[in-house]
Ligand SMILES: Nc1ncnc2c1ncn2[C@@H]1O[C@H](COP(=O)(O)OP(=O)(O)O)[C@@H](O)[C@H]1O
Ligand SMILES: [Mg+2]
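Chains as they are written, first to last, in our numbering: chain A, 758 to 1010; chain B, 1107 to 1587.
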């Protein structure tokens, strides 16, 4: 079943069109990888899907779980099950991850018609999910992302994902800045959360992560367009040849 | 007396000749302020002669004074002759229990979420409710009385404990202290009185709710708290006022006297009507709050959450006279729309080894202006005095202002004074991050603001902290987006 269907999506920021007609369909149970050189529009796509205000949608349609995604407020997209693990997670001083997530989880539950979790229930779930990404309780008591190392921030994003149980998770360069152990932990978390009902879009420009999170489909985004799609072999090919042959293909085409 | 004043006096007394006569049956005084009005108030309250004299002296002094202009606020000048200085709720007989409180008054309280019965039954908070100048109900008096604690309205204290009142009234805030304190001393209506005897640890939070009700009535409370040697009390003050177009003046005085080894915690949650979005109406909150740590090892701690009022002018202060005494000031002040707040504290170090700590969190949104103004004064004989000040400002949007005016005067070389200040802005990326996790923008702001204010909110008693958090969110509603 189609969970996300993007048709001819064009979007601009500060008057400049970055996404120039994207088509993409993601079904429940699938893992998609979006690769591409720096500046090709990967984060922009993630931001547009999440509903970031500065990005103007010029054209196109996005259906998410049967709903018109572009009509929804960012918080409703999140509540409906869209999760974005940020490339650059934001610091929120004075607010612990625990408190932050308690508010978020209960908002999401309310939207889904589930009862609010009390502190005890919440902590129980938190303990389970903490194991998944091997995150320490002391980190969760600290102000969200404030003074976290790069790796801690990324792990914290995946932890939040585990807590919020999204239908579609978009991981924007979650692998960047991770050493091999942290990479394995993050990948393990993502894999453990996989189910036939949810899907993951992994944005990366290294093939490395895809050794651990094996994609069903790989897409290459270049200058705001998906210029090539294939299976996991495509990622290996990219790793081997770099992006230049894609660029050349584009020029000659 | 200057010539001008003479003329003024002649003029005012002349007006009186032709004007109204004082009607003791009246529930409120006529508009305006003169000696006759003060006599009226004093008579209404059946006060002793000394107190009337005390008021008149303050009034005469006030007439010589000028309204202060140094605060970082601008507002339409108050016409002191256009204010009603005394109004009593329409209520005749004396009350023996809460059940006798006028149902309408009770309803008002309940609307405010201060069901007296609830308070009485559930929380163990003793409440002394002040509605427009007259205290309507006092609970828990008996329990407190067993410990020798006196907690009653100021008027009752004048009748039942005149010696205590006479001894301490004006001992911390002299009637001539400043323009608004002098005005209050002349016309104060009612307030709370609290005395904790030697060595007594008050077992419950003492609480007062103030409320401005009738139109055009200024509110001039007078609160006096005395903690005798080794005593302890935590005192809560909550304020609220209904919407009105005109500006109303509120000029209270709070005096706290802390003896040797005693400790007083004074917490305020202030949400007087701030005026509408265009800046129309709202309360002028010109308050003098001061306490003295008179004896050694005394401790006084102010915690305030200021969310209301159109204009706030307020500096809860500590005079650290006793050696080793400690003063603390924890403040969150939020301003939105056209609100203006100029608030802070004064820490006057007189004794040796005195310590003070200031934590001020200012949050500004809309077109508001939020200023911290603080004085740390270390006198010559205050050896080894310490102060730490932390002043943080948080801005929402770009039309508001945050200002910090720290004054530091050190006359003893052994002093250690530290001052830290930060200013930050709630970023769109922070809000989007919260949105992306399912929180709407208002919730996001509430979360960020509560995080910012946590250090201060944690100082409040539990039930107040929850209320204060809600108030912060409420004040900032609609301030972004
Ligand atoms: N907020 C923004 N303001 C201005 N330009 C932006 C903004 N976000 C992205 N861009 C531009 O859009 C292009 C694509 O950026 P991005 O989506 O971050 O690429 P990628 O994630 O693939 O590296 C870049 O040229 C970048 O400079
Ligand atoms: Mg990117």
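The beta-carbon is built from N, C-alpha and C at its ideal position, and this holds for glycine as well.
Alpha carbon of residue i to alpha carbon of residue j, nearest angstrom
| i | j | result |
| --- | --- | --- |
| residue 804 of chain A | residue 767 of chain A | 13 Å |
| residue 1270 of chain B | residue 1133 of chain B | 29 Å |
| residue 802 of chain A | residue 1003 of chain A | 20 Å |
| residue 1238 of chain B | residue 1325 of chain B | For residue 1238 of chain B, the pLDDT reaches just 45, beneath the cut-off of 50, and the residue's location in the model is therefore unreliable, although a value from the coordinates is still provided. Using only the alpha carbons, I get a separation of about 7 Å. |
| residue 1201 of chain B | residue 1257 of chain B | Note that residue 1201 of chain B has pLDDT 48, beneath the 50 cutoff, so the model's placement of it is unreliable and no number is given. |
| residue 1190 of chain B | residue 1439 of chain B | 29 Å |
| residue 1537 of chain B | residue 1545 of chain B | 9 Å |
| residue 1362 of chain B | residue 1178 of chain B | 27 Å |
| residue 1434 of chain B | residue 1539 of chain B | 35 Å |
| residue 991 of chain A | residue 1508 of chain B | 55 Å |
| residue 1148 of chain B | residue 1294 of chain B | 9 Å |
| residue 1299 of chain B | residue 872 of chain A | 46 Å |
| residue 790 of chain A | residue 1552 of chain B | 36 Å |
| residue 1335 of chain B | residue 1555 of chain B | 39 Å |
| residue 960 of chain A | residue 1566 of chain B | 46 Å |
| residue 1442 of chain B | residue 1531 of chain B | 14 Å |
| residue 935 of chain A | residue 831 of chain A | 28 Å |
| residue 1302 of chain B | residue 1250 of chain B | 9 Å |
| residue 1409 of chain B | residue 932 of chain A | 46 Å |
| residue 1185 of chain B | residue 806 of chain A | 58 Å |
| residue 1231 of chain B | residue 1523 of chain B | Residue confidence for residue 1231 of chain B is low, a pLDDT of 46 falling below 50, so the modelled location carries little weight and cannot support an answer. |
| residue 1577 of chain B | residue 918 of chain A | 31 Å |
| residue 1511 of chain B | residue 1526 of chain B | 12 Å |
| residue 1500 of chain B | residue 850 of chain A | 11 Å |
Residue-level contact to chain A via CB, residue i, 7 Å cutoff
| i | result |
| --- | --- |
| residue 1539 of chain B | yes |
| residue 1161 of chain B | no |
Proximity test, Cβ basis, 7 Å: residue i and chain B
| i | result |
| --- | --- |
| residue 794 of chain A | no |
| residue 928 of chain A | no |
| residue 903 of chain A | no |
| residue 832 of chain A | yes |
| residue 814 of chain A | no |
| residue 897 of chain A | no |
| residue 841 of chain A | yes |
| residue 809 of chain A | yes |
| residue 977 of chain A | no |
| residue 770 of chain A | no |
| residue 865 of chain A | yes |
Chain A contact residues for residue i, given Cβ-Cβ distances below 9 Å
| i | result |
| --- | --- |
| residue 1560 of chain B | 851, 852 |
Sequence-distant residues of the same chain with beta carbon closer than 8 Å to residue i, five excluded per side
| i | result |
| --- | --- |
| residue 843 of chain A | 914, 929 |
| residue 920 of chain A | 858, 861, 862, 882, 883, 886 |
| residue 939 of chain A | 908, 911, 912 |
| residue 1127 of chain B | Unreliable positioning characterises residue 1127 of chain B in this predicted model, as indicated by a pLDDT of 31, which lies under 50. A coordinate reading is not provided. |
| residue 809 of chain A | 831 |
| residue 869 of chain A | 836 |
Cross-chain neighbours of residue i in chain A, by beta carbon under 7 Å
| i | result |
| --- | --- |
| residue 1496 of chain B | Correct list: empty, because the minimum Cβ distance to chain A is about 13 Å. |
| residue 1554 of chain B | 849, 852 |
| residue 1536 of chain B | 847, 849 |
| residue 1526 of chain B | Under the 7 Å cutoff, chain A gives no residues; its nearest Cβ is about 14 Å from residue 1526 of chain B. |
Chain-order list of residues whose beta-carbon lies under 7 Å from that of residue i (same chain, five-residue window excluded)
| i | result |
| --- | --- |
| residue 1167 of chain B | 1281, 1282, 1288 |
| residue 776 of chain A | 766, 767, 768, 798, 801, 802, 805, 981 |
| residue 993 of chain A | 964 |
| residue 969 of chain A | 940, 941, 944 |
9 Å Cβ cut-off: residues of chain B touching residue i
| i | result |
| --- | --- |
| residue 857 of chain A | 1540, 1543, 1545, 1553, 1557 |
| residue 835 of chain A | 1541, 1542, 1543, 1544, 1545 |
| residue 917 of chain A | 1543 |
Cut-off 6 Å between Cβ atoms - residues of its own chain near residue i, not counting five sequence neighbours on either side
| i | result |
| --- | --- |
| residue 1466 of chain B | 1437, 1478, 1497 |
| residue 1393 of chain B | 1358, 1420 |
| residue 985 of chain A | 977 |
| residue 973 of chain A | 787, 788 |
| residue 1515 of chain B | 1483 |
Residues that residue i contacts on chain B, provided the C-beta gap is smaller than 7 Å
| i | result |
| --- | --- |
| residue 861 of chain A | 1543, 1544, 1545 |
Chain B contact residues for residue i, given Cβ-Cβ distances below 8 Å
| i | result |
| --- | --- |
| residue 921 of chain A | 1543, 1544 |
Contact list for residue i against chain A, beta-carbon separation under 8 Å
| i | result |
| --- | --- |
| residue 1583 of chain B | Ordered by position in chain A, no residue passes the 8 Å Cβ test against residue 1583 of chain B, which lies about 16 Å from the chain. |
| residue 1173 of chain B | Per Cβ cutoff of 8 Å: no residues; residue 1173 of chain B is ~38 Å from chain A at best. |
| task | Output the residues surrounding ligand 1, defined as those with a CB atom closer than 5 Å to any ligand heavy atom, in chain order. | result | A:770, A:771, A:775, A:795, A:796, A:797, A:798, A:799, A:800, A:801
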